[in-house]
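Trainee:
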Amino acid sequence: MSAWTIEKAKAMYRIDRWSGGYFDINENGNCCVLPNPKKPDICIDMESVIKEIKEAGIQFPVSVRFYDILHAQVVRLNEAFQEAIADEEYHGRYLGVYPIKVNQSCEVVEEIIEAGAPYKFGLEAGSKAELMAVLVYNQNKDSLTILNGYKDNDCLRLALLGRHLGQNTVVVIEKFSELIALVRLSKTLNVKPLIGLRAKMHAKGKGKWVGSGGYDAKFGLTAAELINAVDYLKKMNLLDELVLLHFHIGSQLTDLRSIKEATNEGARLYAELYKIGAKVTYIDLGGGLGVDYDGSASTVNSSCNYRLKEYTVNIVYHIKQICDLENIPHPDIVTESGRAISAHHSLIITEVMGEIRSWGMPFDTKPDEKEHVLVHQMREVIALFEYDNQLQEIFTDADEIKEKASEAFKLGVVTLKDIATIETLYWQIIQQIQNLVQKGNLDDSETISEDLKSISNNLSSRYLCNFSVFQSAADVWAINQVLPVMPLMRLNEKPTINASIVDITCDSDGKIENFSVQNEVSNTLPLHQLKNDEQYYIGLFLTGAYQDVMGGMHNLFGRLNEVHIYSHDDDTEKFYIQQVIDGSSINKVLSSMQYNPTSMSNMIRKMIDKRIADGKIRPREGIKWAEFYSQSLNGYTYCDTKEQSQFSNLLQIIKSVE
Ligand SMILES: *Cc1c(COP(=O)(O)O)cnc(C)c1O
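With the sequence shown counted from 1, adding 1 to any position gets you my numbering.
Right under this line is the structure:
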């Protein structure tokens, strides 16, 4: 076998295919971050990041944000559009907006606004609360503020406040009644609105998030409604205020074809509106620009079959074609890309707390004269390995004995010790079979049945990680999204264990079982054997879009500790931690669910007092327990993994007690 190399590690975890150029593996075998594509000499070693996080006393799991990546993505998107516009000799501009629902964190929004300032990059809001944030954070008078989603009168009033403040707040009409409400409000308040119309599209996207296109879409105006809207605005003398045509056929559009189709349809709508007198300035294609999470560059849900350049060129080209054909001006192009901007900038670092094996702890299987005949039979099956490699037969026999034993146990015929021995022997057999199958040097390779191949899956380890899938990677749970997962260190060592990942929630769904490995999606991820004296860290990548902000309160784990990192040329480590945001304390998550931690503390105190009065607890001890309870309320909701990591060899510990 040839030696393990960094190149092999890169191919195994497909890092070049999903990293966007921001993540790599350095010569020390550590994952590293290249936050600024224009400064390739800045390479941040994740081992140093982890070290610094630990030294700062911050507990894992941690969500790490690289603001330089956010910055770079905003620049990338804008420059790609500008390039396409120049190449195609397009006359309009690109004026993108960032939809804050994708990651509403204040710092994220601030960074995007700052990075986007030279490009007049604006913000999009989809609700009243988001609009209230956007009104304050988008102070750039040249950029757009776009308001989507269903709106009540207060929401419309807030948009008009935006106009009062001199902002380009465009109210996108999702249903006809909003238009009437908006016009009335603007007359009473004497402020002219900027109006956009959202069209219901025939073009449908492909992927998990395409409910936004087609006739059954929740949002948008039909052809008849669009014409009526134009007529109505004409009558109300507000046609000049109709500035934008909007459509959005879904997020994570996996197929470039659906983007072309939607662009064509949208451009046709623009042309038709123009011809009936609605000379809108902006054509807004919504979101949908995909992220290739699994690196397959295909139309599966976690991927997309195009790159940024193809996206921008196709949009510009198709709009231009139709406009030139109809002999009408080229509109300014707006997109609302959220996922593509924010996905890469954040990752979750979690530690492995231990390995869960199907076969549990080691167990002493030495023969015992009182043992049941089934145990004896299992021993005979093991002995078969010495004679021939009839793996199928061995497997069938072992399986049958195990089944019988479990029946016999229920009937009281075999003892718990017999069961422990039988199960331990069984797993030894399975492991042996797996070894032989994997080596592939069997005499007659045709004897390897699907059954035997699937054994390898059953045997795979599970690595227990200190995080919650529900909190940190909701789409992995909800829609089987594949997210890149990779160990952060030891990548110069060959990974020898195939493991799935389980989290610390008590929900059986709290696991990751789809990984992009080599050229396929696999149920297990190649990982390294855990060491007794060393923590093993795993990164969950591309969590900056939706995942960061979607997590619920499952199991009351709450938000993660957050570390914000900026790169820096002059720093020895090339980075500095700019800010740490404490994750949820137990106190906070309980309060958010209407518990009252203070009175809970008091109740515990009373319960302890009663035990003291009854003479069951000594007063000094009681006070300590009460204090412990109230102090724990201020603690982090996730596990403190330092404590148990020393118990690495359980059997040895038990033996040493004897
Ligand atoms: C969610 C949403 C977006 C963002 O889509 P991405 O695929 O994340 O870019 C943009 N516009 C509208 C109207 C949306 O609902």
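Idealized CB from N, CA, C, for every residue including glycine.
(1) Note down, in chain order, each residue of its chain lying with its Cβ closer than 7 Å to the Cβ of Asp17, except the 5 sequence neighbours on either side.
(2) How would you write the range of the alpha helix (DSSP H) that Leu159 sits in, first residue to last?
(3) Give the secondary structure of Tyr639 by DSSP, where H, G and I count as helix, E and B as strand, and everything else as coil.
(4) Is DSSP giving Lys39 helix, strand or coil here?
(5) Just curious, the beta strand (DSSP E) that Gly123 is in, first and last residue?
(6) To which residues of the same chain is Pro598 closer than 7 Å at the C-beta, ignoring the five residues directly before and after it?
(7) Express the C-alpha separation of Thr425 and Ser509 in angstroms, rounding to a whole number.
(8) Can the beta-carbon of Val335 be found closer than 8 Å to that of Leu96?
(9) Rounded to a whole number of angstroms, what is the C-alpha to C-alpha distance between Val184 and Pro194?
(10) Would you please state the rounded distance, in angstroms, between the beta carbons of Pro36 and Ile70? I believe it to be under 8 Å.
(11) Would you tell me roughly how many angstroms separate the C-alpha atoms of Arg463 and Ser450, rounded to the nearest one?
(12) Quick one: what does DSSP say Phe576 is sitting in, helix, strand or coil?
(13) For the segment 288-367, which segments carrying the alpha helix (DSSP H) assignment without a break, of at least 4 residues, lie completely within its bounds, in sequence order?
(14) Roughly how many angstroms lie between the CA atoms of Met133 and Gly150, to the nearest whole one?
(15) Would you call Ile260 buried or exposed, if buried means 16 or more other Cβ atoms sit within 10 Å of its Cβ?
(16) Check for me: the beta strand (DSSP E) holding Val550 runs from which residue to which?
(17) Please report the distance separating the alpha-carbon of Leu385 from that of Leu375.
(18) When the cut-off is 8 Å and only beta carbons count, does Gly167 lie next to chain D?
(19) Relative to the alpha-carbon of Cys305, which residue among Arg94, Arg258 and Glu563 has its alpha-carbon at the smallest distance?
(20) Roughly how many angstroms separate the alpha carbons of Ile623 and Ser347, rounded to a whole number?
(21) According to DSSP, Leu695 sits in a beta bridge with which residue or residues?
(22) Could you check if Leu634 belongs to the surroundings of ligand 1, using beta carbon to heavy atom distance under 7 Å?
(23) What's the gap between the Cα of Ala268 and the Cα of Val231?
(24) Run the CB neighbour count on Tyr577, radius 10 Å, all protein chains shown included, and call it buried at 16 or more, exposed below.
(25) If you draw a straight line from the C-alpha of Gly559 to the C-alpha of His565, how long is it?
(26) Throw me the rounded Cβ distance for the Gln433 and Leu460 pair, which I believe falls under 8 Å.
(27) Return the first residue and the last residue of the alpha helix (DSSP H) that Thr416 is part of.
(28) Quick one: what does DSSP say Gly117 is sitting in, helix, strand or coil?
(29) Measure how close the beta-carbons of Ile316 and Tyr275 come, nearest whole angstrom, since I'm counting them as under 8 Å.
(30) Specify whether the segment 276-284 and the segment 44-51 touch according to this definition: at least 3 beta carbon pairs, one from each stretch, less than 8 Å apart.
(31) Assuming Arg264 and Leu286 are in contact, meaning their beta carbons sit under 8 Å apart, how far apart are those beta carbons, in whole angstroms?
(32) Can you find a heavy atom of ligand 1 that lies under 7 Å from the Cβ of His249?
(33) Can you grab the Cα-Cα spacing for the pair Lys411 / Lys418, in whole Å?
(34) Say yes only if the C-beta of Val103 is nearer than 7 Å to one or more non-hydrogen atoms of ligand 1, and no if none qualify.
(35) Tell me whether Gly163 is buried or exposed, calling it buried when 16 or more other Cβ atoms sit within 10 Å of its Cβ.
(36) Using three-state DSSP, classify Ala399 as helix, strand or coil.
Mentor: From the atom records:
(1) Lys11
(2) Counting along the chain, Leu159 sits inside the alpha helix (DSSP H) bounded by residues Asn154 to His165.
(3) In the structure shown, Tyr639 falls within a coil segment according to DSSP collapsed to helix, strand and coil.
(4) coil
(5) Under the DSSP assignment, Gly123 falls in the beta strand (DSSP E) whose first and last residues are Gly123 to Ala126.
(6) Asn588, Leu591, Ser592 and Leu634
(7) 24 Å
(8) yes
(9) 8 Å
(10) 5 Å
(11) About 24 Å.
(12) strand
(13) Correct list: 309-327 and 340-343.
(14) 14 Å
(15) buried
(16) Careful: Val550 lies outside any beta strand (DSSP E), inside the alpha helix (DSSP H) at Gln548 to Met551.
(17) Roughly 16 Å separates the two Cα atoms.
(18) Absent from the structure: chain D. Only one protein chain is present.
(19) Arg258
(20) Residue 623 is actually Gly in this sequence, not Ile. Each residue's alpha carbon lies about 44 Å from the other.
(21) The structure shown has nothing for residue 695, since the chain only spans 2 to 659.
(22) no
(23) Going by the C-alpha atoms only, they are around 17 Å apart.
(24) exposed
(25) 18 Å
(26) With a Cβ gap of about 11 Å, Gln433 and Leu460 do not count as contacting.
(27) Segment: none, Thr416 is in no alpha helix (DSSP H) and carries neither H nor E.
(28) helix
(29) For Ile316 against Tyr275, the beta-carbon gap comes to about 18 Å, at or over 8 Å, which does not count as contact.
(30) no
(31) The sequence shown places Thr at residue 264, not Arg. Yes, they are in contact, since the Cβ atoms of Thr264 and Leu286 sit about 7 Å apart, within 8 Å.
(32) yes
(33) 14 Å
(34) yes
(35) buried
(36) helix
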